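For reference, the structure is listed below as structure tokens.
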Amino acid sequence: MTGGSPDFAKLRWRCRRGMRELDALLHAFLERSYAGLDAREKECFEAILDLPDPELNAYLLGRQTPTDENVAALIERIRKSLGPRA
Numbered sequence: 548m549t550g551g552s553p554d555f556a557k558l559r560w561r562c563r564r565g566m567r568e569l570d571a572l573l574h575a576f577l578e579r580s581y582a583g584l585d586a587r588e589k590e591c592f593e594a595i596l597d598l599p600d601p602e603l604n605a606y607l608l609g610r611q612t613p614t615d616e617n618v619a620a621l622i623e624r625i626r627k628s629l630g631p632r633a
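Under this note's numbering, residues 548 to 633 are what the sequence shown spells out, in order.
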């Protein structure tokens with residue numbers, strides 16, 4: 548996906564976090580996989596961006612699981628897209 552869309556640019560900005568690790572993970576997913584998400588998954592991605600850094604970090608590291616099953620499914624997709632490190 549190209550970064551020319553205003554909505555994509557806003558998402559890229561929202562991926563900027565207080566934790567550099569989260570910045571890197573979210574930007575990588577946005578660039579590589581966001582275009583392949585359906586509308587519901589895109590909504591979930593935006594909801595994920597509203598989470599506090601410690602909570603989001605715990606989800607992405609597999610230390611906690613979101614209670615919302617749609618968010619949990621997308622977190623898992625993000626984790627898998629990052630390879631064996633996550």
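For glycine and all other residues, C-beta sits at the position ideal for the given N, C-alpha and C. Here the structure is a predicted model, which is why all the values come from computation and not from measurement.
If you look at residue 600, you'll find it in the alpha helix (DSSP H) that goes 600-607. Where residue 626 is concerned, the enclosing alpha helix (DSSP H) starts and stops at 616-628. Assigned with DSSP and collapsed to three states, residue 561 falls in helix. Secondary structure at residue 610: coil, using DSSP grouped into helix, strand and coil. Closest in alpha carbon position to residue 624, among 607, 558, 614, is 607.
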